[in-house]
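One structure below.
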Amino acid sequence: MKYLSTRDKRIRLSAAEAIKMGLSRDGGLLTPERVPVIDEAFLRSLIPAPYPVRAAKIMALYLDDYPEAELLSFAEDAYGPERFDTPAAAPLRKVDSNTYCLELWHGPTSAFKDMALQMLPRLLSAALAKTGEDKTACILVATSGDTGKAAMEGFADVPRTSIMVFYPKDGVSEIQEAQMVTQEGNNVGVCAVVGNFDDAQAGVKRIFSDAAIRDTLDKRGVFLSSANSINWGRILPQVVYYISAYCDLLRDGALSMGDKVNFCVPTGNFGDILAAYYAMRMGLPVGKLICASNRNNILTDFLRTGVYDRNRQFYTTMSPSMDILVSSNLERLLYDLSGENDAEVRGYMEALSRGGKYEVSESIKAALNGLYWGGFCDERGTSATIGRYWRDYGYLIDTHTAVAADVLEQYRAATGDRTVAVFASTASPYKFCDHVLDAIGQPPKGAGTALLDQLHEATGTPIPSRLAALKGKQRRFDLSAEKADMERVVLDFLK
Ligand SMILES: *Cc1c(COP(=O)(O)O)cnc(C)c1O
Numbered sequence: 110m111k112y113l114s115t116r117d118k119r120i121r122l123s124a125a126e127a128i129k130m131g132l133s134r135d136g137g138l139l140t141p142e143r144v145p146v147i148d149e150a151f152l153r154s155l156i157p158a159p160y161p162v163r164a165a166k167i168m169a170l171y172l173d174d175y176p177e178a179e180l181l182s183f184a185e186d187a188y189g190p191e192r193f194d195t196p197a198a199a200p201l202r203k204v205d206s207n208t209y210c211l212e213l214w215h216g217p218t219s220a221f222k223d224m225a226l227q228m229l230p231r232l233l234s235a236a237l238a239k240t241g242e243d244k245t246a247c248i249l250v251a252t253s254g255d256t257g258k259a260a261m262e263g264f265a266d267v268p269r270t271s272i273m274v275f276y277p278k279d280g281v282s283e284i285q286e287a288q289m290v291t292q293e294g295n296n297v298g299v300c301a302v303v304g305n306f307d308d309a310q311a312g313v314k315r316i317f318s319d320a321a322i323r324d325t326l327d328k329r330g331v332f333l334s335s336a337n338s339i340n341w342g343r344i345l346p347q348v349v350y351y352i353s354a355y356c357d358l359l360r361d362g363a364l365s366m367g368d369k370v371n372f373c374v375p376t377g378n379f380g381d382i383l384a385a386y387y388a389m390r391m392g393l394p395v396g397k398l399i400c401a402s403n404r405n406n407i408l409t410d411f412l413r414t415g416v417y418d419r420n421r422q423f424y425t426t427m428s429p430s431m432d433i434l435v436s437s438n439l440e441r442l443l444y445d446l447s448g449e450n451d452a453e454v455r456g457y458m459e460a461l462s463r464g465g466k467y468e469v470s471e472s473i474k475a476a477l478n479g480l481y482w483g484g485f486c487d488e489r490g491t492s493a494t495i496g497r498y499w500r501d502y503g504y505l506i507d508t509h510t511a512v513a514a515d516v517l518e519q520y521r522a523a524t525g526d527r528t529v530a531v532f533a534s535t536a537s538p539y540k541f542c543d544h545v546l547d548a549i550g551q552p553p554k555g556a557g558t559a560l561l562d563q564l565h566e567a568t569g570t571p572i573p574s575r576l577a578a579l580k581g582k583q584r585r586f587d588l589s590a591e592k593a594d595m596e597r598v599v600l601d602f603l604k
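Written out as structure tokens, the structure reads:
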């Protein structure tokens, strides 16, 4: 199976090449040329299988240059007991008779990014060998908080790779920053950018498309790649857990084969909910995809009007991983819904970079309407939802998860649709202790890692062991830069 650029279908790469490059040279996103279809027998075969087997079988449908046995050995390693605190990897928790929560934060950095970023370094390392690459891959990452840490954790000391992470200076939580600046490994670098996530992401995209930098690095034996969700190797491992969740619902008798399920996903860069869309396109019985945003509700407006308009105020919220105005992965959805019309997609993206705005065709609007429902939850609603979940269900959820829980309720109130729904829980509440403590009526005392203990004492829930270990850790990085200086930072890092 080949991977094509959303902006120029004539660019056709193998899976290994697509994973190695991350982003197509023309700025497009590398996207599978067709979506493999699964049937009931396939789903049935996955029900008794452990998570790594499910992952290998699903990923093998897309990555025909990786044998299934190789994928299985990667998945067993990635989701094994050294890294995940539960063998289920992505367990479902029942909230009420038709509501389930898919917990995606049982990996080493306590955010859902681990689900993909424990697989990606293994896929990329193998891709270097498969494509006969003799250079070192330097992974450039722009992060809204969780990706950076998860990517460094995945790539630390992986041979023939290095990784440089940029995060918005005042746009991440204290725990997130502590996680990043204490990262171990001889091939990692971290830099705070004066600006917001979109500034960091724009800087990384600029470096990728800079031919002079590419040449300089080439002479040093280095090429740039991406671990952001523009890399197909990020999206694919996320397709797995939607299918896996359906299998768990079948296994537990919550659904019968063929019954529909709705997924509600807290969304930023549109990667996670795009993975749910691919699961649906593969034939998983999905009713609606419910796209949950925080106060930065550009996607809610887009799904309701068909107009994507980034000319608006940017807000820093308590769910920072969703503080995004340019949702890169939407491009893959537009490519699919336009009937793989690369010229049409290129037009939208050109309009976005020129005037910050585009309007999709009537046929895409109609398709979006059938597939998606968009809603958003503001700061007060987020806090109230955390409080309510704790009181009513004894279930402690983080700020991002609360956005999804609330938007799911809004959807049900607006439509009356009572289909079994799964909402994604994308981070441990211990990554956002201050807001979570406030929300459950326990004003935070102190700051940073001190709050881990306070949240533990207030709720009796366990502190993820890697977060507990942050307390004694030495800060290793103290670099910050203006957004215009990101090029120089990269060149210095790769000296
Ligand atoms: C990254 C992230 C999101 C948003 O996911 P996208 O794939 O960017 O839409 C939501 N919640 C948390 C905790 C995250 O880290």
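Its first residue numbered 110, the sequence shown is counted upward by one per residue in the working numbering.
Note that CB positions come from ideal geometry on N, CA and C, so glycine has one too.
Given the structure is predicted, the values throughout are model-derived calculations rather than measurements.
Identity of the residue in LYS258, GLY464, TYR355 and TYR387 nearest TYR171 by Cα:
The option with the nearest alpha carbon to TYR171 is TYR387.
Should LYS129 be counted as a contact of ligand 1 given a C-beta to heavy atom distance under 7 Å?
Relative to ligand 1, the beta carbon of LYS129 is positioned no closer than 7 Å to any heavy atom.
What's the C-alpha gap between ASP587 and LEU579?
LEU579 has its alpha-carbon roughly 16 Å from the corresponding atom of ASP587.
Considering only C-alpha positions, which residue in the set THR256, ALA321 and ARG202 is nearest to VAL299?
Comparing Cα positions, the closest option is THR256.
Residue nearest to ASP68 in terms of C-alpha spacing, selected from GLY448, THR426 and MET458:
Coverage of the chain is limited to positions 110 through 604, which leaves residue 68 absent and any answer about it impossible.
Reduced DSSP secondary structure (H/G/I, E/B, other) of ASN478:
Look at ASN478 here: in three-state DSSP terms it is helix.
Contact criterion: CB-CB distance below 8 Å. Does GLY550 meet it with respect to chain C?
Given the protein chain composition of this structure (a single chain), no chain C is represented.
Does the separation of the CB atoms of GLU87 and MET168 fall below 8 Å?
No information on residue 87 is available, as it lies outside the stretch 110 to 604 that the chain covers here.
Between the CA atoms of ILE506 and VAL204 - distance to the nearest angstrom:
Those two C-alpha atoms are separated by around 12 Å.
Report yes or no: do the segment 388-395 and the segment 487-500 share at least 3 C-beta pairs separated by less than 8 Å?
Touching, no, given that fewer than three Cβ pairs across the two stretches are closer than 8 Å.
By alpha-carbon positions, which one of ASN371, LEU443 and GLY456 ends up nearest to ALA514?
Closest option to ALA514, Cα to Cα, is ASN371.
Under the criterion of a Cβ to heavy atom distance below 7 Å, does SER219 qualify as lining ligand 1?
Checking the 7 Å criterion, the Cβ of SER219 is out of range of every heavy atom belonging to ligand 1.
Report the rounded CA-to-CA distance for GLN347 versus VAL144, giving the unit in angstroms.
Taking the straight line joining both Cα atoms gives about 15 Å.
Given 8 Å, three or more beta-carbon pairs between the segment 146-162 and the segment 126-135:
Fewer than three Cβ pairs drawn from the segment 146-162 and the segment 126-135 lie within less than 8 Å of each other, which leaves the two stretches out of contact.
Could you name the residues of the same chain whose beta carbon sits closer than 7 Å to that of TRP499, not counting the 5 residues immediately before and after it, in chain order?
For TRP499, where only same-chain residues beyond five positions count, the Cβ hits under 7 Å are LEU505 and ILE549.
GLY55 and THR409 closer than 8 Å at C-beta
This structure leaves residue 55 out entirely; the chain is present only between 110 and 604.
Of all the options ALA523, ILE473, ALA164 and SER430, which has the alpha carbon lying nearest to the alpha carbon of GLU449?
Of the candidates ALA523, ILE473, ALA164 and SER430, the one whose C-alpha sits nearest the C-alpha of GLU449 is ILE473.
So, helix, strand or coil for PHE183, using DSSP?
Under the three-state reduction of DSSP output, PHE183 falls in the helix class.
Please classify ARG463: is it buried, with 16 or more other beta-carbons within 10 angstroms of its beta-carbon, or exposed?
That one is exposed.
From PRO230, LEU546, SER428 and LEU364, residue whose alpha carbon lies closest to that of VAL395:
Checking every option, the nearest Cα to that of VAL395 belongs to LEU364.
Using CA atoms only, rank isn't needed, just tell me which of LEU439, GLN563 and SER402 is closest to GLN519.
Taking the Cα of GLN519 as reference, the smallest distance to any Cα among LEU439, GLN563 and SER402 is reached at SER402.
Is it the case that the Cβ atoms of LEU233 and GLY342 are separated by a distance below 8 Å?
Taking 8 Å as the Cβ cut-off, LEU233 and GLY342 qualify as a contacting pair.
Just curious, the alpha helix (DSSP H) that ARG323 is in, first and last residue?
Residue range 320-328 is occupied by the alpha helix (DSSP H) that includes ARG323.
Could you tell me if the beta carbon of PRO141 falls within a distance shorter than 7 Å of some heavy atom in ligand 1?
Answer for PRO141: no, Cβ out of range of ligand 1.
Just verifying my parser: in three-state terms, what is the DSSP assignment at GLU212?
Strand.
Within the same chain, show all residues whose beta-carbon is closer than 6 Å to that of ALA198, passing over the 5 residues directly before and after it, in chain order.
Here the set comprises TYR160 and TYR188.
If I'm right that CYS400 touches VAL331 with Cβ under 8 Å, what's the distance once you round it to whole angstroms?
Wrong, their Cβ atoms sit about 37 Å apart, outside the cutoff.
Less than 8 Å separating the beta-carbons of GLY254 and GLN285?
GLY254 is a Cβ neighbour of GLN285, given a cutoff of 8 Å.
Spell out the partners DSSP gives PRO141 in its beta bridges.
Bridge partners of PRO141: TYR112.
Along the beta strand (DSSP E) that carries SER271, what are the first and last residues, could you check?
Counting along the chain, the unbroken beta strand (DSSP E) around SER271 starts and ends at 270-277.
Pull the bridge partners of ASN371 from the DSSP assignment, please.
In DSSP, ASN371 forms a bridge with ALA530.
Would you be able to state if there are at least three C-beta pairs under 8 Å between the segment 419-434 and the segment 173-185?
With fewer than three CB-CB distances shorter than 8 Å, the segment 173-185 does not count as touching the segment 419-434.
Expressed to the nearest angstrom, what Euclidean distance is found between the alpha-carbon atoms of MET261 and GLY525?
Taking the straight line from one Cα to the other gives about 43 Å.
Option in ARG329, ALA124 and GLN292 with minimal Cα separation from ASP601
When each option's Cα is compared against that of ASP601, the closest is ARG329.
Which partner residues does THR245 have in the DSSP bridge list?
Looking at the DSSP assignment, THR245 forms a beta bridge with VAL331.
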